[in-house]
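Visitor:
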Amino acid sequence: MHATRHLNKAGYGINTYSFTRTLRARECLAQLADLGYRRFEIMLVPGHFWPSLDGDAVRRDIESLVGNTGVQITSLNQPNLDVNLSSVVPEMRQHSCRVIASAIDLAASWNAKGVVINPGKSNPVFPAPKKTLTDCFRWSLEVLLPIARRAGVELIVKNHPLSYLYRANDLRLFFDAFGWDQVGIGYD
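When we follow the numbering used here, the leftmost residue of the sequence shown carries the number 3, and every step to the right adds one.
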């Protein structure tokens with residue numbers, strides 16, 4: 003009976019969003035693995051897991067947990083709205099690309115197949131034209147996609163409700179023009 007429970011749960015993937023305020027990512031994975039779950043999307047949120055705050059020791063501890071328990075991290079979800087891949091401020095786009103590149107590197111080290119990102123948002127006080135935001139997002143993708151390719155990680159672009167590209171059709175049209183190599187879409 004116990005083995006059957008593990009087999010049934012092993013087919014499901016769990017997003018750790020509901021645990022971000024109560025458990026660190028490592029403890030969350032360990033507890034859910036003890037219940038028989040094996041596939042996870044880890045939220046990259048300070049307090050749950052954030053690469054620069056949690057450091058190499060915690061990163062390696064999770065890597066070890068993955069290797070020792072058969073747990074699979076399918077993707078990392080970087081929902082932080084401080085990151086803005088469509089910022090009209092070049093330095094903010096560059097910083098945002100460094101944050102996402104760090105998530106891509108982390109995903110590769112944990113054998114995750116994807117990193118969930120959002121296209122970015124417009125400044126509500128001084129909204130930029132959509133074409134400008136699109137050009138800025140395209141610039142960011144042109145920086146990030148070679149990094150993702152080398153790491154073997156797909157960028158999963160989510161239709162975040164605060165993003166300037168929040169409609170499914172807008173995302174589809176953008177990527178029909180830009181290209182789909184190493185990119186997927188996640189719908190929220």
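Idealized CB from N, CA, C, for every residue including glycine.
Predicted, not measured: the structure shown is a model, and the values here were computed from it.
Would G122 and S88 be called neighbours here (beta carbons separated by less than 8 Å)?
Guide: Yes; because the gap between Cβ atoms is below 8 Å, this pair is in contact.
Visitor: For A27, count neighbouring Cβ atoms within 10 angstroms of its own Cβ and tell me buried if that reaches 16, exposed if not.
Guide: Buried is the call here.
Visitor: Can you list, in chain order, the residues of its chain whose CB lies under 6 Å from that of H8, leaving out five sequence neighbours each side?
Guide: Since pLDDT at H8 reaches only 47, below the 50 mark, its modelled position is unreliable, and the value read off the structure follows with that caveat. Answer for H8: G38, listed in chain order.
Visitor: Could you tell me which residues DSSP pairs with L78 in its beta bridges?
Guide: I44 and V117
Visitor: Pairing CB atoms from the stretch 138-155 with CB atoms from the stretch 100-116, are three or more of them under 8 Å?
Guide: yes
Visitor: So what does N17 bridge to, in DSSP terms?
Guide: Bridge partners of N17: E43.
Visitor: Are A105 and Q74 close, meaning C-beta to C-beta below 8 Å?
Guide: Remark: C-beta atoms of A105 and Q74 do not approach each other more closely than 8 Å.
Visitor: Report buried or exposed for Y191, applying the criterion of at least 16 other Cβ atoms within 10 angstroms of its Cβ.
Guide: The chain is shown only over 3 to 190; residue 191 falls outside these bounds and no answer can be derived.
Visitor: Nearest to P53 by alpha carbon, out of M94, N86 and I102?
Guide: Ranking M94, N86 and I102 by Cα distance to P53 puts I102 first.
Visitor: With a cut-off of 8 Å on the beta carbons, I'd call L83 and L173 a contact; round off their distance for me.
Guide: That pair is no contact at about 17 Å.
Visitor: Quick one: using the 10 Å Cβ neighbour count with 16 as the cut-off for buried, is F128 buried or exposed?
Guide: exposed
Visitor: Taking the C-alpha atoms as reference points, what is the distance between R100 and R23?
Guide: 25 Å
Visitor: For the putative contact between L146 and L157, defined by C-beta atoms under 8 Å, what is the C-beta separation to the nearest angstrom?
Guide: 6 Å
Visitor: Tell me the DSSP secondary structure of F139 in three-state form.
Guide: helix
Visitor: By a C-beta neighbour count over all protein chains shown, 10 Å radius and 16 as the cutoff for buried, is K132 buried or exposed?
Guide: K132 comes out exposed.
Visitor: Whose C-beta lies closer than 8 Å to the C-beta of M3 among residues of the same chain, with five residues either side of it excluded?
Guide: Reliability of the predicted coordinates at M3 is poor, the pLDDT of 43 falling under 50, and the value obtained from them is presented with this limitation in mind. So no residue of the chain qualifies.
Visitor: Assign K123 to one of three DSSP states: helix, strand, or coil.
Guide: coil
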